[in-house]
Amino acid sequence: GQQVMQIPQYQHVQEGEDFTTYCNSSTTLSNIQWYKQRPGGHPVFLIQLVKSGEVKKQKRLTFQFGEAKKNSSLHITATQTTDVGTYFCAGPGDQFYFGTGTSLTVIP
Amino acid sequence: EADIYQTPRYLVIGTGKKITLECSQTMGHDKMYWYQQDPGMELHLIHYSYGVNSTEKGDLSSESTVSRIRTEHFPLTLESARPSHTSQYLCASRHPHGKGGYTFGSGTRLTVV
Numbered sequence: 026g027q028q029v030m031q032i033p034q035y036q037h038v039q040e041g042e043d044f045t046t047y048c049n050s051s052t053t054l055s056n057i058q059w060y061k062q063r064p065g066g067h068p069v070f071l072i073q074l075v076k077s078g079e080v081k082k083q084k085r086l087t088f089q090f091g092e093a094k095k096n097s098s099l100h101i102t103a104t105q106t107t108d109v110g111t112y113f114c115a116g117p118g119d120q121f122y123f124g125t126g127t128s129l130t131v132i133p
Numbered sequence: 065e066a067d068i069y070q071t072p073r074y075l076v077i078g079t080g081k082k083i084t085l086e087c088s089q090t091m092g093h094d095k096m097y098w099y100q101q102d103p104g105m106e107l108h109l110i111h112y113s114y115g116v117n118s119t120e121k122g123d124l125s126s127e128s129t130v131s132r133i134r135t136e137h138f139p140l141t142l143e144s145a146r147p148s149h150t151s152q153y154l155c156a157s158r159h160p161h162g163k164g165g166y167t168f169g170s171g172t173r174l175t176v177v
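Dropping the structure here:
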């Protein structure tokens, strides 16, 4: 099936540092979604990007969809301990295909 | 806040037992899904449904079955549990017109001993 790859797999940052995770697909995506999963929790939908080159912001989170609609990124500015968790991108289909996830650890 | 409910939250069961994991949603979503996820790992699609009497297998064959007799209910059954089935099982649903993301339940953490 369709696959989306995420890098890095793990990221440790000092609190206050920025963080970015990247999602890549070999095929053009009609849209892409991002989810956050806290340790021990379940994935929670963050956002959906649809348009080529789209940029959306949610407070300290910035989401981008590539011009070719084959890649996307999530950038967190000035991380906080509440940002800890795994961030997944998901590519579309009748059933979304989740990326491998990036696990973020924030060191106080 | 969840409109999708999974029971039980935790389950420890012996090898060879038959178990059913329950999932119900109150949002009227036609599309429902079951995912398997090991701790800290990616989600693997097990089964999905587009509506009543519609069920399909996902990429991960987990020797399980599902049914969709009512819109709101999508149970997952393991006919004979094995230790390799030890994992977290997440149920999700989605708006019928594909708008917005999945809503996930809190999951069932299954341990087969």
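From first to last, the protein sequence lines are chains A and B. Per this note's numbering, the very first residue in the first sequence carries number 26; after that it's consecutive. Per this note's numbering, the very first residue in the second sequence carries number 65; after that it's consecutive. Every residue, glycine too, gets a C-beta built ideally from N, C-alpha and C. Given the structure is predicted, the values throughout are model-derived calculations rather than measurements.
Going by beta-carbon coordinates alone, are residue i and residue j separated by less than 7 angstroms?
{"i": "residue 72 of chain A", "j": "residue 85 of chain A", "result": "no"}
{"i": "residue 125 of chain A", "j": "residue 62 of chain A", "result": "no"}
{"i": "residue 113 of chain B", "j": "residue 138 of chain B", "result": "yes"}
{"i": "residue 101 of chain B", "j": "residue 155 of chain B", "result": "no"}
{"i": "residue 123 of chain B", "j": "residue 90 of chain B", "result": "no"}
{"i": "residue 68 of chain A", "j": "residue 168 of chain B", "result": "yes"}
{"i": "residue 149 of chain B", "j": "residue 176 of chain B", "result": "yes"}
{"i": "residue 47 of chain A", "j": "residue 128 of chain A", "result": "no"}
{"i": "residue 80 of chain A", "j": "residue 109 of chain A", "result": "no"}
{"i": "residue 174 of chain B", "j": "residue 123 of chain A", "result": "no"}
{"i": "residue 83 of chain B", "j": "residue 98 of chain B", "result": "no"}
{"i": "residue 60 of chain A", "j": "residue 44 of chain A", "result": "no"}
{"i": "residue 88 of chain B", "j": "residue 120 of chain B", "result": "no"}
{"i": "residue 41 of chain A", "j": "residue 103 of chain A", "result": "yes"}
From the DSSP output, which residues share a beta bridge with residue i?
{"i": "residue 37 of chain A", "result": "A:130"}
{"i": "residue 130 of chain B", "result": "B:140"}
{"i": "residue 30 of chain A", "result": "A:49"}
{"i": "residue 73 of chain A", "result": "A:58"}
{"i": "residue 98 of chain A", "result": "A:47, A:89"}
Return the residue from the list the options that minimises the CA-CA distance to residue i.
{"i": "residue 141 of chain B", "options": "B:67, B:131, B:147", "result": "B:131"}
{"i": "residue 165 of chain B", "options": "A:127, A:74, A:80, A:92", "result": "A:74"}
{"i": "residue 29 of chain A", "options": "A:49, A:41, A:69, A:35", "result": "A:49"}
{"i": "residue 153 of chain B", "options": "B:88, B:159, B:76, B:170", "result": "B:170"}
{"i": "residue 95 of chain A", "options": "A:70, A:35, A:41, A:76", "result": "A:76"}
{"i": "residue 93 of chain B", "options": "B:85, B:158, B:128, B:82", "result": "B:158"}
{"i": "residue 143 of chain B", "options": "B:81, B:121, B:174", "result": "B:81"}
{"i": "residue 92 of chain A", "options": "A:78, A:83, A:31, A:35", "result": "A:78"}
Any heavy atom of the ligand COA closer than 6 angstroms to the beta-carbon of residue i?
{"i": "residue 127 of chain A", "result": "This structure lacks the ligand COA; in fact it carries no ligand of any kind."}
Any contact between the region 106–122 of chain A and the region 53–63 of chain A? By contact I mean 3 or more CB pairs, one from each, below 8 angstroms. yes
When you check each C-beta in the region 87–118 of chain B against every C-beta of chain D, which residues fall closer than 9 angstroms? No chain D is present in this structure, whose protein chains are A and B.
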